[in-house]
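Throughout the sequence shown, residue numbering follows the numbering used here, covering 9 to 1261 in sequence.
Shown next, in structure tokens, is the structure this report addresses.
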Amino acid sequence: MDDKAYSRCLEVFPRRCFFLRTTGVDFSSETQFMAADYLKMMWRRTEFLDDSVVVSIVYAANEAITRKELWEELLLLSVSLSGNGKPWIMLGDFNQVLCPAEHSQATSLNVNRRMKVFRDCLFEAELCDLVFKGNTFTWWNKSATRPVAKKLDRILVNESWCSRFPSAYAVFGEPDFSDHASCGVIINPLMHREKRPFRFYNFLLQNPDFISLVGELWYSINVVGSSMFKMSKKLKALKNPIRTFSMENFSNLEKRVKEAHNLVLYRQNKTLSDPTIPNAALEMEAQRKWLILVKAEESFFCQRSRVTWMGEGDSNTSYFHRMADSRKAVNTIHIIIDDNGVKIDTQLGIKEHCIEYFSNLLGGEVGPPMLIQEDFDLLLPFRCSHDQKKELAMSFSRQDIKSAFFSFPSNKTSGPDGFPVEFFKETWSVIGTEVTDAVSEFFTSSVLLKQWNATTLVLIPKITNASKMNDFRPISCNDFGPITLYKVIARLLTNRLQCLLSQVISPFQSAFLPGRFLAENVLLATELVQGYNRQNIDPRGMLKVDLRKAFDSIRWDFIISALKAIGIPDRFVYWITQCISTPTFSVCVNGNTGGFFKSTRGLRQGNPLSPFLFVLAMEVFSSLLNSRFQAGYIHYHPKTSPLSISHLMFADDIMVFFDGGSSSLHGISEALEDFAFWSGLVLNREKTHLYLAGLDRIEASTIARKLRIAEYGPLLEKLAKRFRSWSVKCLSFAGRVQLIASVISGIINFWISTFILPKGCVKRIEALCARFLWSGNIDVKKGAKVAWSEVCLPKEEGGVGLRRFTVLNTTLWDGKKISFWFDNWSPLGPLFKLFGSSGPRALCIPIQAKVADACSDVGWLISPPRTDQALALLIHLTTIALPCFDSSPDTFVWIVDDFTCHGFSAARTWEAMRPKKPVKDWTKSVWFKGSVPKHAFNMWVSHLNRLPTRQRLAAWGVTTTTDCCLCSSRPESRDHLLLYCVFSAVIWKLVFFRLTPSQAIFNSWAELLSWTRINSSKAPSLLRKIAAQASVFHLWKQRNNVLHNSIFISPATVFHFIDRELENLYRYIQILFFRQMFVKKDMDILWLRDPFPQFDPDADFQIACDLFFNGNLSDTHNTANGGFKFVISNRKTIKFYNYWYESRLRFPGKNEQKVLNRIKADQYVKKIGLKIRFLDMTHFGNFCQRHWDITKICIMHGNCCFGQESKLKDLRQMMEDWTSFVSNGNRKGGFRQQMNCPRSFRQMFHKNHKRIG
């Protein structure tokens, strides 16, 4: 390796000889030799590290028994290193593969015992393969007649290494004089750093000052020109101010988060040692700043990780961090091999090679059109109707444009200008009008600004160890940005086009179109290839065609001609022409963008228009192929001739079915050549395969039988790779449940919807999921706390809500014509199952008969009943009309539990098929809206009494002592540990003091659940549940700290953590406690009339006034009175309550009403679009007023009053006046002036005034 190209390089040639060549590295004298010379461990210090790393060199034995000793020593070594947190790298010859794919001549796809033992060792040692480049196989047997290659050499690292050296990678080179490949580690590659382009990070939106900054800048920028030009210039002008704002508030974010957290811990200790008001205020301020930075950090790593299945929330930052590092390690391109086999390893050379490759691919010269429009018109017979043309050419409304913006998913890669969709959504109140004007201008002028179609190509590896350009998938990133608003236009056009294409595209295509499923054609193709391995079978053939770089090679004029052929109006065609023919490209390699070229062909992958335009182009080939079959140039497959099925399409993959003859194959070849001549789509001969059967000379073969368990290896390996990823190791139990429910279930459901998986395969999948859930290790069978069948029950029945794959993996079938014996056309079910094989003879109905064959104009043609089954059938037949007299065609309906569904209902089918258990009354105390997922999962396990307490461990023989870890006085059972242990009792008393002071310590788990279900004004049931789950979670966490880490924390400190979590959740409680809306009022409120007619139906937050009301309901100068509020539960009010709660930390010592009056006019409140209305004091009065209209008043609030006695006297007086008024028929009377409250108010005012004086 060249020292100029790489820095800090460690290189090893395995097989007895070790050559260590490094740059800037010093080795210490701490060296150990273990396991008879095949493990070498060195403590290594470097000039570029403040601390040391651990390097282990391995040369494993050839014998499996001896290697097992090495695996045991590796586990011991990992245990000794686990406590110091040092980066650890292990490399060398392990003489063992991890999976069958690492063997060039694998005899089985199953993982054998030796592989499993090696896997278990690496998992328990927490080691994983370092991202590598170069040769996949690292050893071969030097045999000229039977060459065999394996991956025996590996470079393994631990989690600390991945965190410390996220850019490190391995290189496997040539064997040279050895039979093993050389291996090297590039710790810190010399990357060619360029100025990074602007990129907007979503955490800026969490700062309440950001929206006001954008508003001030936006309205101060003056640009002259078209709407598109002004939009582009304004957004470009925002970059530098946003960059400055980010540096001032969030620079060096990770370091600032750590510093802020250390400050919080310091302030907490100061407050606990000296609980004074100044210390409390300082702690709350430190807590506020730390929370802001923590949320920003989480948002930052969530955006970089591209994780979409999990929302931002508690304890996700470490997972997002790992995913971001993992994505970077996998996607970084270190080496490229060109077409001549030359290795390019410099960043500048790699970037120039990528730019040259894509400029030739996308911007190469294109010849003149080769197809006449009239030929297109013949191939595509569909024509748009007048109404369809009118709808396509119609202009888009402002609401259509806004809806398109807000329909885009979040957490996607931004375009070349750096602005993601979240920026537009959150700042819509500021920039929305001009954005809409700019997009509308395109549809009016039909001219697209060049900058709007700028695109950055990002290369994503399609395989492990990608090293050639064909191994990467180019993804177009022009999702959003100040210039690239193109995708909004494309989405609007797509929405109209896709509705039409469902009528244009034939059933032979199943990809991309709404209402069509890829699995349908997969199932049909599976049926057609049945029997290809038989000897006595009619001749037949199947050609699997792959098109080379299909999306990147298709001609634009071909697409435009296809649009015109089906009658698309010229205006719509021109819109699409502008979208696909004006892009310019840059290529992003390892974060550095370069190159700028204009494309001449192709559709961009990632563009919403591209899939639909591509299937329209492929419809031309579909029609061309059908015409050749109908003309007799190609003959049908024996199974497809009655149905005229010539081919099936899966996007750019085509399966052509024919009779197997050479003349038919020649006709298919000619059709492909003609299509390539017109469209530019060329056959990829390397990936095109021919399968023939029933011929004298078998030219090719394929598997057409039912797949065995071993042949589902790709599915199992994909799942295992997900489960073994080092980034998922930090997930909690609740996070693992979410991963299984979303990502894993999505993968499995696709397979199950297409194939009936073998039972053994499904059992393995469920075993993997169960092991991952309970231990985080799919190679460990122990540790399950709850049976998988119970886990997969609905939450209300005692499970966690997962779906069991064994139940889903069931065949559900129907047909196109109703069979008398086999279809389910009567309540008795399929009659063949009811009568058995003797049924056709007993009823005199042939086994192939349809229902219509079993009757005539006179009646049913069945024999007289001689059995109970036959009698039951006859009784049913007398209640229905004869099929002969029913003029409507036979139809099939989906009936689930006697309910007729309009189409297939997966939810109802699952509900009917799944195992059921009685509904449990305790589930609402575990699973409820507003619960913390990890707390709820822990509460679920605790309720089932499956926590591994010492008493249960002793019963299993795992431990001998049963003493409680927290008090050491009694056996550690669930109830003792979590309820009435001395340690636990202190925490529960502190919780009760906050919520229910008179509550006694629980004596049983049932008492705890009963307490959570009690509802009161001071301690609502929701708050009790959250407090109970938080307490149980932290008690169990403290128990594990004592047992495993020997760390003891006082009960007061544990309660402090619980109290903090409850405070953080409090801002959600008032919203989540009510479903749609709620009225919150103080205790000193008189409810005289129905106030609901006085509320504004369009307002989100309505509140009474204090002291004065100026008559304007929306004027924020009115003084708010928090004693009476009417709130609609929605996203805006939730954000507002969050902001209100966090603002309490900005104004220490102020109550919530005073804080509200400080923030009600803030820019953030305007930004979220919250509609605040102040209630008219004519209807919502209070004691601060001097006069009231008793004929209009609805609510009376006893404010401006000090002392309970004064308030009760005046409220009682007012109630007497109201009673007198009502008794007089609402005609006479009024409220007397209050005396006690004003007097108490004046006394308190003078008292405070004297104190101040």
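Note that CB positions come from ideal geometry on N, CA and C, so glycine has one too.
(message) Can you look up Pro-872 in the DSSP assignment and give me helix, strand or coil?
(response) Working through the sequence shown from its first residue, we reach residue 872 at position 864. Looking at Pro-872 - three-state DSSP - the assignment turns out to be coil, as it is neither helix nor strand.
(message) For the pair the stretch 293 to 306 and the stretch 263 to 272, tell me if three or more CB-CB distances fall below 8 Å.
(response) In the pairwise beta carbon analysis, the stretch 293 to 306 is classified as touching the stretch 263 to 272: at least three pairs are separated by under 8 Å.
(message) Please list the terminal residues of the continuous beta strand (DSSP E) segment that includes Ile-195.
(response) Mapped onto the sequence shown, residue 195 falls at position 187. Ile-195 -> no beta strand (DSSP E), and no H or E assigned at all.
(request) Report yes if the C-beta distance between Ser-8 and Thr-464 is below 7 Å; otherwise report no. (result) Since the first residue of the chain shown is 9 and the last is 1261, residue 8 is not available in this structure.
(request) Quick one: grab the DSSP three-state call for Trp-79. (result) Translated into the one-based positions of the sequence shown, residue 79 becomes position 71. Correct three-state label for Trp-79: helix.
(request) Given a cut-off of 7 Å, decide if Lys-159 and Val-193 are closer than it, judged by their beta-carbon atoms. (result) Counting from one through the sequence shown, the residue named residue 193 turns up at place 185. Counting from one through the sequence shown, the residue named residue 159 turns up at place 151. In this structure, Lys-159 does not lie closer than 7 Å to Val-193 by Cβ.
(request) Would you mind sorting Tyr-209 into buried or exposed? The rule is 16 or more other CB atoms within 10 Å of its CB. (result) For the purposes of this step, residue 209 is identified with residue 201 of the sequence shown, where counting begins at 1. With 16 or more Cβ atoms within 10 Å of its Cβ, Tyr-209 is classed as buried.
(message) Please classify Ser-1024 as buried or exposed, where buried requires at least 16 neighbouring CB atoms within 10 angstroms.
(response) Here residue 1024 refers to the residue found at position 1016 of the sequence shown. Exposed is the call here.
(message) Please report the distance separating the alpha-carbon of Val-119 from that of Thr-814.
(response) Locating residue 119 in the sequence shown gives position 111, counting from the first residue. Locating residue 814 in the sequence shown gives position 806, counting from the first residue. Distance between the alpha carbons of Val-119 and Thr-814 is about 22 Å.
(message) Just verifying my parser: in three-state terms, what is the DSSP assignment at Gln-1241?
(response) Here residue 1241 refers to the residue found at position 1233 when the sequence shown is read from its first residue. DSSP places Gln-1241 in coil when its eight states are reduced to three.
(message) Let me make sure I understand the geometry here. Which of Ser-116, Phe-185, Phe-173, Val-139 has the alpha-carbon closest to that of Trp-147?
(response) In the sequence shown, the residue the question calls residue 147 occupies position 139. Ranking the options by Cα distance to Trp-147, first place goes to Phe-185.
(request) Evaluate Leu-84 with the Cβ neighbour count: other Cβ atoms within 10 Å of its Cβ, from every protein chain shown; 16 or more gives buried, anything less gives exposed. (result) Stepping through the sequence shown from its first residue, residue 84 is reached at position 76. Exposed, because fewer than 16 other Cβ atoms sit within 10 Å of the Cβ of Leu-84.
(message) Please tell me whether Trp-759 and Phe-566 are closer than 7 Å, where the distance is taken between their beta carbons.
(response) Your numbering for residue 759 matches position 751 in the sequence shown. Your numbering for residue 566 matches position 558 in the sequence shown. The answer is no: Cβ separation not under 7 Å.
(message) What does the alpha-carbon distance come out to for the pair Asp-282 and Glu-293?
(response) Against the sequence shown, residue 282 aligns to sequence position 274. Against the sequence shown, residue 293 aligns to sequence position 285. If I take the Cα positions, the gap works out to 17 Å.
(message) Quick check on DSSP: helix, strand or coil for Gln-538?
(response) Position 530 of the sequence shown holds residue 538. Coil, per DSSP.
(request) Take the Cβ of Leu-627 as the centre, count every other Cβ of all protein chains shown within 10 Å, and call the residue buried at 16 or more, exposed below. (result) Residue mapping note: residue 627 aligns to position 619 of the sequence shown, counting from 1. For the record, residue 627 in the displayed sequence is Glu; it is not Leu. Buried, because 16 or more other Cβ atoms sit within 10 Å of the Cβ of Glu-627.
(message) Please state whether the Cβ-Cβ distance between Cys-1202 and Arg-1068 is less than 7 Å.
(response) Locating residue 1202 in the sequence shown gives position 1194, where the first residue counts as 1. Locating residue 1068 in the sequence shown gives position 1060, where the first residue counts as 1. Against a cut-off of 7 Å, the Cβ pair of Arg-1068 and Cys-1202 comes out as no contact.
(message) Can you tell me which residues form a DSSP beta bridge with Gln-517?
(response) Residue 517 sits at position 509 when you count from the first residue of the sequence shown. In DSSP, Gln-517 forms a bridge with Met-657.
(message) Output needed for Ser-631: all residues of its chain with C-beta closer than 7 Å, excluding positions within five of it in sequence on either side, in chain order.
(response) One-based indexing of the sequence shown puts residue 631 at position 623. Only Leu-387, Leu-388 meet the Cβ criterion.
(request) Please confirm if the stretch 787 to 807 is in contact with the stretch 917 to 928, defined as three or more CB-CB distances below 8 Å between the two stretches. (result) Three or more beta-carbon pairs drawn from the stretch 787 to 807 and the stretch 917 to 928 are found closer than 8 Å, and the two stretches are therefore classed as touching.
(request) Using a threshold of 7 Å, state whether the C-beta atoms of Leu-654 and Leu-633 are closer than that. (result) For this step, residue 654 is matched to residue 646 along the sequence shown. For this step, residue 633 is matched to residue 625 along the sequence shown. The sequence given here places Ser at residue 654; Leu does not occur at that position. Cβ atoms of Ser-654 and Leu-633: closer than 7 Å.
(message) Run through the DSSP bridge pairs and tell me what Arg-548 is partnered with.
(response) The residue given as residue 548 occupies position 540 in the sequence shown. Under the DSSP definition of a beta bridge, Arg-548 partners with Ala-701.
(request) Under 8 Å by Cβ, that's how I've got Ile-853 and Ala-860 pegged, so tell me the actual separation to the nearest angstrom. (result) For the purposes of this step, residue 853 is taken as residue 845 along the sequence shown, with counting starting at 1. For the purposes of this step, residue 860 is taken as residue 852 along the sequence shown, with counting starting at 1. In fact, because the Cβ distance is near 12 Å, the residues do not count as touching under 8 Å.
(message) By the three-class DSSP mapping on this structure, what secondary structure does Trp-226 have?
(response) In the sequence shown, the residue the question calls residue 226 occupies position 218. Residue state, collapsed to three classes: helix.
(request) From the DSSP output, read off the bridge partner residues of Ala-178. (result) Against the sequence shown, residue 178 aligns to sequence position 170. In DSSP, Ala-178 forms a bridge with Phe-140, Val-193.
(request) Quick one: using the 10 Å Cβ neighbour count with 16 as the cut-off for buried, is Met-1185 buried or exposed? (result) On the sequence shown, position 1177 is the one that residue 1185 refers to. Met-1185 comes out buried.
(request) Report the rounded CA-to-CA distance for Phe-1144 versus Ala-1107, giving the unit in angstroms. (result) Stepping through the sequence shown from its first residue, residue 1144 is reached at position 1136. Stepping through the sequence shown from its first residue, residue 1107 is reached at position 1099. So the alpha carbons of these two residues sit roughly 13 Å apart.
(request) Quick one: measure Cβ to Cβ for Trp-1196 and Gly-1189, integer angstroms, because I've assumed they're closer than 8 Å. (result) As a working note, residue 1196 is residue 1188 in the sequence shown. As a working note, residue 1189 is residue 1181 in the sequence shown. Their Cβ separation, rounded to whole angstroms, is 5 Å, which keeps Trp-1196 and Gly-1189 in contact under 8 Å.
(request) Return the Cβ separation of Ala-944 and Gln-1037 in integer angstroms, given the expectation that the two are a contact with Cβ distance under 8 Å. (result) Within the sequence shown, residue 944 is the residue found at index 936, counting from 1. Within the sequence shown, residue 1037 is the residue found at index 1029, counting from 1. With 8 Å as the limit, Ala-944 and Gln-1037 qualify as a contact, their Cβ atoms being about 6 Å apart.
(message) Quick check: Phe-1182 and Arg-1166, are their CB atoms within less than 7 Å of each other?
(response) The residue you call residue 1182 lines up with position 1174 of the sequence shown. The residue you call residue 1166 lines up with position 1158 of the sequence shown. No, they are not a contact pair.
(request) Taking Ile-568 as the reference, give the member of Leu-555, Leu-1051, Gly-233, Cys-587 with the closest Cα. (result) Taking the sequence shown and counting its residues from 1, the one referred to as residue 568 is at position 560. Minimum Cα distance to Ile-568 is reached at Cys-587.
(message) Is it the case that the stretch 539 to 555 contacts the stretch 365 to 374, given that we only count it when at least three CB pairs across the two stretches are under 8 Å?
(response) Between the stretch 365 to 374 and the stretch 539 to 555, the count of Cβ pairs shorter than 8 Å is below three; the stretches do not touch.
(request) Assign His-1268 to one of two classes, buried (16 or more other C-beta atoms within 10 Å of its C-beta) or exposed (fewer than that). (result) The requested residue 1268 does not occur in the structure, where the chain is confined to residues 9 to 1261.
(request) Give me the Cα-Cα distance between Thr-1199 and Ile-439, rounded to the nearest whole angstrom. (result) The residue you call residue 1199 lines up with position 1191 of the sequence shown. The residue you call residue 439 lines up with position 431 of the sequence shown. One C-alpha to the other measures close to 47 Å.
(request) Could you check which residue in Val-999, Asn-287, Phe-145, Phe-237 has the C-alpha nearest to that of Glu-182? (result) Taking the sequence shown and counting its residues from 1, the one referred to as residue 182 is at position 174. The shortest C-alpha separation from Glu-182 is found at Phe-145.
(request) Could you tell me whether the stretch 952 to 959 touches the stretch 927 to 943, using the rule of 3 or more Cβ pairs below 8 Å? (result) no
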